[in-house]
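Keeping their order, the protein sequence lines are chains U and B. Numbering follows the working numbering, in which position 344 of the first sequence is assigned residue number 344; successive positions increment by one, without gaps. Numbering follows the working numbering, in which position 69 of the second sequence is assigned residue number 1069; successive positions increment by one, without gaps. Glycine included, every Cβ here is placed at the ideal spot set by N, Cα and C. For reference, the structure discussed in these notes is given below.
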Amino acid sequence: MARNEESRVGVFVCHCGVNISSVVNIDKVVQAASQQEGVVVAKDYKFMCSTPGQEMILADIKEHKLNRIIVAACSPRLHEETFKKVLFTAGLNPYFFQMANIREQDAWVTEDKELATGKAISLVTGAIRRVRLHESLPTREVDIKPGVLVIGGGITGIEAALQIADAGHKVVLVEREPSIGGHMAQFDKTFPTLDCSACILTPKMNSVGTHPNINLMTSSEVTDVSGYIGNYDVTVKTKARFVNHDLCTSCGDCMEKCPVKVPSEFDEGLEKRGAIYTLFPQGVPNKPVIDAENCLMLIKEKCGLCEKVCEPGAIDFKDREKETSITVGSIITATGYKFAKPSILRDYGYGIFDNVLTAPEFERLNNSAGPTVGEILLKDGGKPQSVAILHCIGSRDKNFNEYCSKVCCMYSLKFSHLVKEKTGAEVFEFYIDIRAAGKSYEEFYDRIREEDVHFIRGKVGSVTNIPLNDEEKGKLVVIAENTLAGKRLRVPVDMVILSTGLECSDGVTDMTRMLKLSIDKDGFFIEKHPKLAPTETATDGIYIAGCCSGPKDIPESVASAQATAAMALKLISKGKVEVEATTSWINEELCAGCKLCIGVCPYNAIEYDEEKGISILNEVLCKGCGTCAATCPNGAAMARHFNDQQILNEIEGVLLS
Amino acid sequence: MNRDPKIVAFLCHWCSYTGADLAGTSRVKYSPHVRIIRIMCSGRIDTAFVLKALREGADGVLICGCHPGDCHYQSGNDKALKRHIMLKQMIGQFGVEPERIRLEWISASEGDLFAKIVDNFTEQVKNLGPLNWKETMRPKSGEYHEQT
């Protein structure tokens, strides 16, 4: 359609049930819109995004020969795509569309109905003024590179990688630890079925290690990501391992001989490891690495015992950090969580008294491959007679994490069962609310209650070792309030377990910057839509699975991993994807060759053409931020769909009434 | 101020506009006198947009972008900041109080903060009184402004 053809605007105002109409006077908005220049039709409907709503727009486009459409409804972040498709179906260019956000940015934030209606009219007027200048933009298609990058090798990353690899496509799985497995590898039993964590996880880990389609990169981190959907260029940095894994036979002689003893991260510091070590005996790859910070040879050039005992000669002290460049079509982020360590842990005696443990420490204590071979023992080797489990440590707490970590109630119930089963000790659960919403979770809670566990509703204030009577002597005394009975309690026990919540894992800030993701106030990645696109993000081709978008239990993490695998496979099977046409362009006739735009472009998308004496923009590299357009003193650099005149018209419109 | 203040807010799509949407989904109430215009990046904000808004009757202009380092386009917000400093001086020279424009960083999770800033800025602009630049900036016929 020619630019100067008369614009025929249709304005469609949505009630959104009563979400908008209970605050905004829809009739007045329709009335005001219909009086604007260029408006041919102005209508309202209860749910504009529904099929009848869309069909109404479609019919009106045909009947009234509309060539510009406004929908005044929710945020364009929610339904812009929905309505652009309607225009496409009607044979109109999808960019002849503009939304006026009268729900999130008007009806939901305004109390005064008259002012809300006035605001809606302003926003619609701005949209009408703007849309009349919209231009037809061509759709751009890009090829999808078939490879997928999965970041994080916990159960979520493992599952996503396996699904894609099994479908016959190449996957690069990057894990920063020397082995995949993540937190699930640290657990002994999983709730509510109490099946063995290792028995369900290690076969999957093995499949990853041996899969012909999976390139497993451990001790590695993603350090740079550039590109766009279908074409991401990724740099991965692999730490020096100092062990040649091609030569190593996993005999383990080196680890036996290593004289260094440092706390094992995997065992939460309850056990020691050498400077040459595997993360855990069932690790994948099951080959040791040398920790450069603690190895005597690497810090003082003394020792070298491992090199002497290694028959295949796999030890290589000259090994250096490596950088690898890979290109993939999409990226699945499965960076998981870490257990919170809030400062109030000390109020509960953590780090002061021997037998106060955090949840991950108890997981290791209870693990049959852990420091006590699965026996629940006190520091002095004795068996506990009584154990207190304190819920919500740092969770649901305005001073720490306000959110509920979702899994702590269930793992605490699991702890009760394991303590009862293994030691017969008396168990006290101090809880705020028991949250057992999940398949077979409530039944599990019932079962634990029948096991004679004491459930006390009340958050614990502190833990002390100062006795008030003989019974409390030599014990840890839990001081709490029973809020149901309205009584203060002192409960003497031998062991205290602190049920700490989940937080986003370290390094999320770097990931946020590299992948252009947003994080919520709690530090978790924000989904494209909390309900309808929970594994997608605002950046096309980048997906989020597992706990990096919020606390999840294992089944939920696995389900989200499978969902992201489906998203990545969808891209691969389509082979091509449409991308936004809203790049910038430079009008050669207006360009004076001052090169200011070249300096401000963050993507090096503009180059200087010596021959013509002007700047040339590469649309493939341009991402449409429009900074060049704002900088150009001549108005030669222009941002498509956000050009000066369109925005100036919108400014005029919103200030008109 | 005998009439309600008029405020135009330019919000970047990725952080601030999403933050303003969050204020909505969280049903946080704030001053209804703000008119939001979405742009892809705060780096897109031409000084002409701000001047146009003031000329067309806005009493204040709010510019919101991603926090430093978080820009979806790497560094557009830095450009916005530099322009903002220049713009404040410029409108001062035009005889407009520099307090009528404000630049703020709003992330996608800061719906509450966005609402607070709008309320606070509206109050600030209200105290300055109406600008009515459209009327006051026009020289009377036969009169010319001398450069100072």
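Quiz item: Can you round the beta-carbon distance between Val23/U and Ala107/U to whole angstroms, since I take them to be within the 8 Å contact cut?
Solution: 4 Å
Quiz item: Val328/U touches chain B at which residues, Cβ-Cβ below 7 Å?
Solution: What Val328/U touches in chain B: nothing, since even the nearest Cβ is about 20 Å away.
Self-check item: Residues bridged to Met638/U (per DSSP)
Solution: Trp585/U
Quiz item: If you follow the beta strand (DSSP E) that Arg176/U is part of, which residue opens it and which one closes it?
Solution: Careful: Arg176/U lies outside any beta strand (DSSP E) and carries neither H nor E.
Quiz prompt | Where Lys237/U falls: helix, strand or coil (DSSP) | solution = strand
Quiz prompt | Under 8 Å by beta carbon: chain B residues contacting Val109/U | solution = Ala1023, Gly1024, Arg1027, Val1028, Lys1029, Tyr1030, Pro1032 and Ala1115
Quiz prompt | Limits of the unbroken beta strand (DSSP E) element including His391/U | solution = Ser386 to Ile393
Self-check item: Neighbour list for Ser1107/B in chain U, Cβ cutoff strictly below 7 Å
Solution: Ser518
Quiz prompt | Sequence-distant residues of its chain with Cβ nearer than 6 Å to Glu1104/B (five each side left out) | solution = Cys1064 and Ile1117
Self-check item: For Val577/U, the nearest candidate out of Ile69/U, Arg132/U, Gly230/U and Ile26/U (CA to CA)
Solution: Gly230/U
Self-check item: Proximal chain B residues relative to Glu271/U, where beta-carbon distance stays under 9 Å
Solution: By Cβ distance, chain B contributes nothing, its closest Cβ being about 39 Å from Glu271/U, past 9 Å.
Quiz item: Which partner residues of Thr454/U appear in the DSSP bridge assignment?
Solution: Here residue 454/U turns out to be His, not Thr, going by the sequence shown. According to DSSP, which records beta bridges pairwise, His454/U is partnered with Phe428/U.
Quiz item: Is the shortest distance between the beta-carbon of Thr1148/B and the beta-carbons of chain U less than 8 Å?
Solution: With a pLDDT of only 41 at Thr1148/B, under 50, the local geometry of the prediction cannot be trusted, and the value read off the model is given with reservation. No, because no Cβ of chain U sits closer than 8 Å to the Cβ of Thr1148/B.
Quiz item: Taking one C-beta from the segment 535-551 of chain U and one from the segment 435-446 of chain U each time, how about it: are there three or more such pairs within less than 8 Å?
Solution: no
Exercise. Return yes when the Cβ of Glu429/U is within less than 8 Å of the Cβ of Phe400/U, no when it is not.
Key: no
Practice problem: Closer than 8 Å by beta-carbon distance: list the chain U residues that pair up with Ile1101/B, in chain order. | Solution: Those within 8 Å of Ile1101/B in chain U number zero; the least Cβ separation is about 14 Å.
Quiz item: Helix, strand or coil: which one does DSSP assign to Gln562/U?
Solution: helix
Exercise. Ignoring anything shorter than 4 residues or poking outside the segment 500-524 of chain U, list the alpha helix (DSSP H) runs there in chain order.
Key: 508-515
Quiz item: Where does Pro534/U fall in DSSP's three states?
Solution: coil
Exercise. Spell out the partners DSSP gives Val478/U in its beta bridges.
Key: Val463/U and Val491/U
Practice problem: Express the C-alpha separation of Lys43/U and Met56/U in angstroms, rounding to a whole number. | Solution: 9 Å
Quiz item: Near Cys597/U, what residues of its chain come up, given a Cβ to Cβ distance below 7 Å and the 5 sequence neighbours on each side ignored?
Solution: Ile606, Ser615, Cys628, Thr631, Cys632 and Ala637
Quiz prompt | Beta carbon proximity, Met638/U to chain B, threshold 8 Å | solution = no
Quiz item: Buried or exposed: Asp291/U, going by 16 or more other Cβ atoms within 10 Å of its Cβ?
Solution: buried
Exercise. Say whether chain U places a C-beta atom closer than 8 Å to the C-beta of Gly1065/B.
Key: no
Quiz item: Bridge partners of Ser325/U, per DSSP?
Solution: Thr235/U
Quiz prompt | Cβ neighbour criterion (16 or more within 10 Å) applied to Cys408/U | solution = buried
Quiz prompt | Cut-off 7 Å between Cβ atoms - residues of its own chain near Ala100/U, not counting five sequence neighbours on either side | solution = Ile70, Ala72, Leu123, Val124 and Ala127
Self-check item: Where the beta strand (DSSP E) through Trp1105/B begins and ends
Solution: Ile1101 to Trp1105
Practice problem: Give the range of the beta strand (DSSP E) segment to which Phe12/U is assigned. | Solution: Val9 to Cys14
Quiz prompt | Contacting residues, own chain, Cβ-Cβ under 6 Å from Thr327/U (five flanking each side not counted) | solution = Lys145 and Asp233
Self-check item: Any alpha helix (DSSP H) of 4 or more consecutive residues that is wholly inside the segment 249-337 of chain U
Solution: 253-257, 296-300 and 305-309
Quiz item: So, is the C-beta of Ala1048/B closer than 8 Å to a C-beta in chain U?
Solution: yes
Practice problem: Could you check what DSSP says for Gln98/U in three-state terms: helix, strand or coil? | Solution: strand
Exercise. Please name the residue in Arg103/U, Phe97/U, Asp143/U and Lys113/U whose C-alpha comes closest to that of Leu133/U.
Key: Phe97/U
Quiz item: What separation, rounded to the nearest whole angstrom, lies between the Cα atoms of Val620/U and Glu104/U?
Solution: 33 Å
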